[in-house]
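See structure below.
In our numbering, the protein residues as written are 1252 to 1364.
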């Protein structure tokens, strides 16, 4: 009798585990470290996106880390993979960006199939 109740209790507990991830709570992702800048992603057509960040004169590597996090989160949660193809600059052979006031805007495409 006790054995049967234990098995049923375990089965019910395990069956309810999947319900914890339902809703918008599973769409939230946060960086484990503090990112240097606040970046905002805008969805484009198909798998394309753009990420804008206010850089305030800091180094491009710090700006890229904030941009990369938003893109990785978007691609992973929406397309199942974290890889992105970034628009490249022919001059610097690095990520291309445009300046919109005090923002730098980077463009990319999620590559997960």
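By construction, the Cβ of each residue, glycine as well, lies at the ideal position given by its N, Cα and C atoms.
Per-residue burial, residue i [other beta carbons within 10 Å of its own, 16 or more giving buried]
i: residue 1295; result: exposed
i: residue 1363; result: exposed
i: residue 1314; result: buried
i: residue 1303; result: buried
i: residue 1427; result: Any property of residue 1427 remains undetermined from this structure, which presents the chain solely from 1252 to 1364.
Residue i versus residue j: straight-line alpha-carbon distance, rounded
i: residue 1326; j: residue 1334; result: 7 Å
i: residue 1336; j: residue 1360; result: 5 Å
i: residue 1320; j: residue 1330; result: 15 Å
i: residue 1308; j: residue 1357; result: 16 Å
i: residue 1354; j: residue 1291; result: 10 Å
i: residue 1351; j: residue 1306; result: 11 Å
i: residue 1328; j: residue 1341; result: 30 Å
i: residue 1338; j: residue 1299; result: 10 Å
i: residue 1349; j: residue 1297; result: 21 Å
i: residue 1293; j: residue 1346; result: 17 Å
Closest by C-alpha distance to residue i, when choosing among the options
i: residue 1316; options: 1352, 1351, 1289, 1298; result: 1289
i: residue 1343; options: 1311, 1300, 1322, 1304; result: 1311
i: residue 1332; options: 1339, 1353, 1323, 1338; result: 1323
Beta-bridge partners of residue i, as assigned by DSSP
i: residue 1356; result: 1303, 1349
i: residue 1317; result: Residue 1317 is not bridged to any residue.
i: residue 1292; result: 1302
i: residue 1336; result: 1360
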